[in-house]
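Asks: Please find one structure pasted underneath; my questions will follow.
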Amino acid sequence: MTKSVSNTYFRRLSIGKGMSIHHSYTLSLLKDIPGRLANLFDRIHETEDWNESIDHTPRIGRCCRMKSTLDRIKGGLIVSCQALEDEPLYGSVHMAAMARAALMSGAAGIRANSVEDISAIRAITDKPIVGINKHRDRDGQVFITPDFADAKAVVEAGATIVALDCTYYHHPEDKELETLIRQIKERLGVPVMADCSSYEEMIRAAKLGADITAPTLVPGPRPDYDLLQQAIENTDALVIGEGHYWHPKEVVRALQMGAHAVVVGSAITRPQLITARFTEAIQKAKEKS
Numbered sequence: 035m036t037k038s039v040s041n042t043y044f045r046r047l048s049i050g051k052g053m054s055i056h057h058s059y060t061l062s063l064l065k066d067i068p069g070r071l072a073n074l075f076d077r078i079h080e081t082e083d084w085n086e087s088i089d090h091t092p093r094i095g096r097c098c099r100m101k102s103t104l105d106r107i108k109g110g111l112i113v114s115c116q117a118l119e120d121e122p123l124y125g126s127v128h129m130a131a132m133a134r135a136a137l138m139s140g141a142a143g144i145r146a147n148s149v150e151d152i153s154a155i156r157a158i159t160d161k162p163i164v165g166i167n168k169h170r171d172r173d174g175q176v177f178i179t180p181d182f183a184d185a186k187a188v189v190e191a192g193a194t195i196v197a198l199d200c201t202y203y204h205h206p207e208d209k210e211l212e213t214l215i216r217q218i219k220e221r222l223g224v225p226v227m228a229d230c231s232s233y234e235e236m237i238r239a240a241k242l243g244a245d246i247t248a249p250t251l252v253p254g255p256r257p258d259y260d261l262l263q264q265a266i267e268n269t270d271a272l273v274i275g276e277g278h279y280w281h282p283k284e285v286v287r288a289l290q291m292g293a294h295a296v297v298v299g300s301a302i303t304r305p306q307l308i309t310a311r312f313t314e315a316i317q318k319a320k321e322k323s
């Protein structure tokens, strides 16, 4: 209605007729705009969907911020600082200390699990944090950041990138996964990292909107460089190397191939596994002698 009246006003002005009536009416509409907008925003804030933690930044602002986050980890090492309940270093105090040590040695970012650990690590650094929230599904399998609520929780805790399970096992329906990725990017304003268990899943995740794809869940004792190269060459998303990196030369190789960054966890932050590699080597040597 307002648009129609306003157009009529400008047409009347152009021919010089009825100026006083339409001019007065249009001015009254324009004067009322601030009040109408105020009422609109009051109604928006009253709705259940509005939340101060959700990113209401204009789209171009979100895109610039996400690009900045991704640029900060380019060519770098992301150290995964995680410990489960049955591990000696379980607890936010230990994970924050581990993250501090990694950052002191040049880590470009941290990958962390749980609201508590992410909050503790955010308190000591402004570096990018890849946040996840691990759960167990009905079959007892680990499910990484299964839904929007978990993604929102880790972002509120300080994560600047959200990683989630993008396997066919946990997300068989493309539409469901696409919706989740879009919600995280648009409502939370952070990039999405797809943790995958195969090349096909990495390609699918990229097509569904993931900013980063990674072979995080690919099984094997060593990094799968063939898969990594395929993903780098055949997807528009950034590719991060993750999974089974134990030596610096392996990380360097992945970066030289074109990986955007590399995540290393157990080789740096799980002393019990690091120690086991030494003791097992000693035992094998004894058996041979």
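The opening residue of the sequence shown carries number 35 in our numbering; numbering runs sequentially from there.
Ideal Cβ positions, reconstructed from N, Cα and C, are used throughout, including at glycine.
Please read these numbers as outputs of a predicted model, since none were measured by experiment.
Along the chain, where does the beta strand (DSSP E) containing Ala295 start, and where does it finish?
Replies: From DSSP, the beta strand (DSSP E) with Ala295 extends over Ala295 to Val298.
Asks: Let me check understanding here. Comparing Cα to Cα, which of Arg145, Lys320, His204 and Arg134 lies closest to Ile107?
Replies: Looking at the Cα atoms, Arg145 is the closest of the given residues.
Asks: Could you tell me whether the Cβ atoms of Ile158 and Ala141 are closer together than 7 Å?
Replies: Not closer than 7 Å, so no.
Asks: What are the boundary residues of the alpha helix (DSSP H) that Arg134 is part of?
Replies: Looking at the DSSP string, the run of the alpha helix (DSSP H) that includes Arg134 is Ser126 to Met138.
Asks: Any beta carbon of chain C sitting closer than 7 Å to that of Gly125?
Replies: Judged by its chain identifiers, the structure shown contains no chain C, having just a single protein chain.
Asks: Just reading off the beta strand (DSSP E) that Val164 is part of, what are its end residues?
Replies: Where Val164 is concerned, the enclosing beta strand (DSSP E) stretches over Ile163 to Ile166.
Asks: Shortest alpha-carbon distance to Leu137 belongs to which of Ile302, Cys200, Thr103 and Ala315?
Replies: Closest option to Leu137, Cα to Cα, is Ile302.
Asks: Measuring from the CB of Ala319, is there a heavy atom of the ligand NAD at a distance below 6 Å?
Replies: Among the components modelled here there is no ligand, and therefore nothing to report on the ligand NAD.
Asks: In whole angstroms, what is the alpha-carbon distance linking Tyr203 and Met100?
Replies: If I take the Cα positions, the gap works out to 28 Å.
Asks: On the CB-based measure, 16 or more other CB atoms within 10 Å of its CB, does Cys98 come out buried or exposed?
Replies: Cys98 should be labelled exposed.
Asks: Using a Cβ-Cβ cutoff of less than 8 Å, which residues in the same chain neighbour Ala293 once the five nearest sequence positions on both sides are dropped?
Replies: Here the set comprises Leu262, Ile266, Val273, Ile274 and Gly275.
Asks: Just confirm the distance between the C-beta atoms of Phe182 and Ile218, as a whole number of angstroms; I'd bet it's less than 8 Å.
Replies: Phe182 to Ile218, Cβ: 7 Å. Contact.
Asks: Going by DSSP, which residues form a beta bridge with Met236?
Replies: According to DSSP, Met236 bridges with nothing at all.
Asks: Report yes if the C-beta distance between Asp270 and Thr250 is below 7 Å; otherwise report no.
Replies: Against a cut-off of 7 Å, the Cβ pair of Thr250 and Asp270 comes out as no contact.
Asks: So, with DSSP's three-state summary, where would you put Cys230?
Replies: Note: Cys230 maps to coil in three-state DSSP.
Asks: Give a yes or no on whether the C-beta atoms belonging to His278 and Arg256 are separated by under 7 Å.
Replies: Cβ atoms of His278 and Arg256: closer than 7 Å.
Asks: Report all residues from its chain with a CB closer than 7 Å to the CB of Leu307; omit the five preceding and five following residues, and keep chain order.
Replies: Ser300.
Asks: Considering only the alpha carbon of each residue, which of Ser232, Gly174, Cys115 and Glu321 lies closest to Cys200?
Replies: Selected option, being the one with the closest Cα: Ser232.
Asks: May I have the straight-line CA-CA distance separating Thr194 from Asn268, to the nearest angstrom?
Replies: Each residue's Cα considered, the two are about 26 Å apart.
Asks: Among Pro253, Lys322, Val226 and Gly254, which residue has its Cα nearest to the Cα of Lys241?
Replies: Here the closest residue by C-alpha is Val226.
Asks: What does the alpha-carbon distance come out to for the pair Val113 and Glu284?
Replies: For Val113 and Glu284, the distance between alpha carbons rounds to 15 Å.
Asks: Between the alpha carbons of Gln175 and Ala133, how many angstroms are there, rounded?
Replies: Distance between the alpha carbons of Gln175 and Ala133: 26 Å.
Asks: Report the residue from Tyr259, Asp208 and Gln264 whose alpha carbon sits nearest the alpha carbon of Gly243.
Replies: Answer by Cα proximity: Asp208.
Asks: Could you give the DSSP three-state label for Arg304: helix, strand or coil?
Replies: Three-state DSSP puts Arg304 in coil, outside helix and strand.
Asks: When you compare the CB positions of Val188 and Ile152, do they come within less than 7 Å of one another, or not?
Replies: In contact: Val188 and Ile152 (Cβ atoms closer than 7 Å).
Asks: Helix, strand or coil: which one does DSSP assign to Glu119?
Replies: Coil at Glu119, not helix or strand.
Asks: I'd like the list of long-range same chain contacts for Glu80, defined as Cβ closer than 8 Å, with 5 residues on each side in sequence excluded.
Replies: Its pLDDT being 45, under 50, Glu80 is placed unreliably by the model, and nothing is read from it.
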